[in-house]
Amino acid sequence: AVRRAGGVPVLLPPDETEWRELLAVLDGVVLIGGGDVDPDLYGGNAAHPHLSLAGAERDRFEMALARELANGTPRPTLAICRGMQVVNVALGGRLHEHLPDILPEDEDVHGCADIEWVIQDVRVEPDSRLAAALGDTAVTPASSHHQAVKEVAPDLVVTAVAPDGIIEGLELPNHPWFVAVQWHPEATAVTDEAQQRLFDALVAAARDKVNG
268 AVRRAGGVPV
278 LLPPDETEWR
288 ELLAVLDGVV
298 LIGGGDVDPD
308 LYGGNAAHPH
318 LSLAGAERDR
328 FEMALARELA
338 NGTPRPTLAI
348 CRGMQVVNVA
358 LGGRLHEHLP
368 DILPEDEDVH
378 GCADIEWVIQ
388 DVRVEPDSRL
398 AAALGDTAVT
408 PASSHHQAVK
418 EVAPDLVVTA
428 VAPDGIIEGL
438 ELPNHPWFVA
448 VQWHPEATAV
458 TDEAQQRLFD
468 ALVAAARDKV
478 NG
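Each residue of the sequence shown is one higher than the one before, counting from 268 in the working numbering.
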């Protein structure tokens, strides 16, 4: 999806000295999906039986990177699934450890079960950067997550929600371009133009930074 938008993907290493050196020459960042954020980082239940942790090294790396992108080095940023959760926790928010704890068992619209993707409905705030990027305020993206934002970090604003009220999008309003989504736009970007436009918008924002 990044390549189709005209960007060149570069993997960042977890070593802080190395990723900071690379970040200095990069024009945009994608915070990708993955395992669960350690609940100890947001005052949650670290003993929850349904946790599948990404690991302490990745948590430390991505938390530091998210804070740097939000407050220090303002690169255009797209945070996806775990990436959105990392951003929320890094900036002072909290998560639901397991959505089935708060949602009806027969209404798994988020892909909490062990399946690849669930296509769900999402409503997007019309005046958001997310809506501008997608070109729409009602989308049907692919999801696969059992955790979600519970308390929004103070600097973030909600830009998208599912019909059941689960938060699906966040933004940093005082940042040049910082968009986070709970779903996986890369999963359907080949066939869903709205999802590809998210990556197009990220790369366009990166170009604007370079030419700025």
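Each residue gets a CB set at the ideal place from its N, CA and C atoms; glycine is no exception.
Small disclaimer: the values here were computed from a predicted structure and weren't measured.
So residue i and residue j are in contact, right, with Cβ under 8 Å, and what is the actual spacing, rounded?
i	j	result
Asn-355	Val-419	7 Å
Leu-362	Gln-414	5 Å
Ala-447	Gly-302	Not really, about 17 Å apart at Cβ, beyond 8 Å.
Ala-429	Glu-438	In fact, because the Cβ distance is near 17 Å, the residues do not count as touching under 8 Å.
Val-269	Val-297	7 Å
Ala-454	Trp-384	6 Å
Val-389	Pro-408	6 Å
For residue i, which residues of its own chain have a beta-carbon under 8 Å away from its beta-carbon, when the five flanking residues on both sides are left out?
i	result
Met-330	Leu-308, Val-353, Val-356 and Ala-357
Lys-476	Asp-294, Gly-295, Arg-342, Pro-343 and Pro-443
Ala-399	Ala-468
Trp-286	Leu-279, Pro-280, Phe-328 and Leu-332
Asp-368	none
Ala-291	Thr-340
Helix or strand or just coil, what does DSSP make of residue i?
i	result
Glu-364	coil
Ala-427	strand
Glu-435	strand
Thr-344	strand
Thr-447	The residue you asked about is not Thr; residue 447 is Ala in the sequence shown. If DSSP states are grouped into helix, strand and coil, Ala-447 belongs with the strands.
Asp-305	coil
Val-416	strand
Ala-409	strand
Val-354	helix
Arg-396	helix
Leu-298	strand
Val-389	strand
Leu-318	coil
Pro-421	coil
Thr-455	coil
Would you say the beta carbon of residue i is closer than 8 Å to some non-hydrogen atom of the ligand COA?
i	result
Asp-459	As far as ligands go, the structure on display features none, and thus does not contain the ligand COA.
Determine the burial state of residue i: buried for a count of at least 16 other Cβ atoms within 10 Å of its Cβ, exposed for fewer.
i	result
Leu-278	exposed
His-317	exposed
Arg-271	exposed
Val-470	buried
Asp-282	exposed
His-451	buried
Ala-333	buried
Leu-336	buried
Glu-364	buried
Leu-423	buried
Val-406	buried
Leu-366	buried
Between which residues of its own chain and residue i is the CB-CB distance below 6 Å, once the five residues before and five after are set aside?
i	result
Leu-465	Ala-400 and Pro-452
Asp-403	Ala-461
Leu-345	Val-297, Val-446 and Leu-469
Ala-321	Gly-301 and Gly-302
Ile-550	Look at the range of the chain in this structure, 268 to 479, and you will see that residue 550 is not part of it.
Going by beta carbon distance, what residues of the same chain come within less than 7 Å of residue i, once the five residues before and after it are set aside?
i	result
Met-310	One detail in the question is off: residue 310 reads as Gly in this sequence, not Met. The residues are Arg-361.
Ala-313	Asp-305, Pro-306 and Asp-307
### Message
Closer than 8 Å is the cut-off here; do at least three beta carbon pairs connect the segment 452-459 with the segment 387-397?
### Response
no
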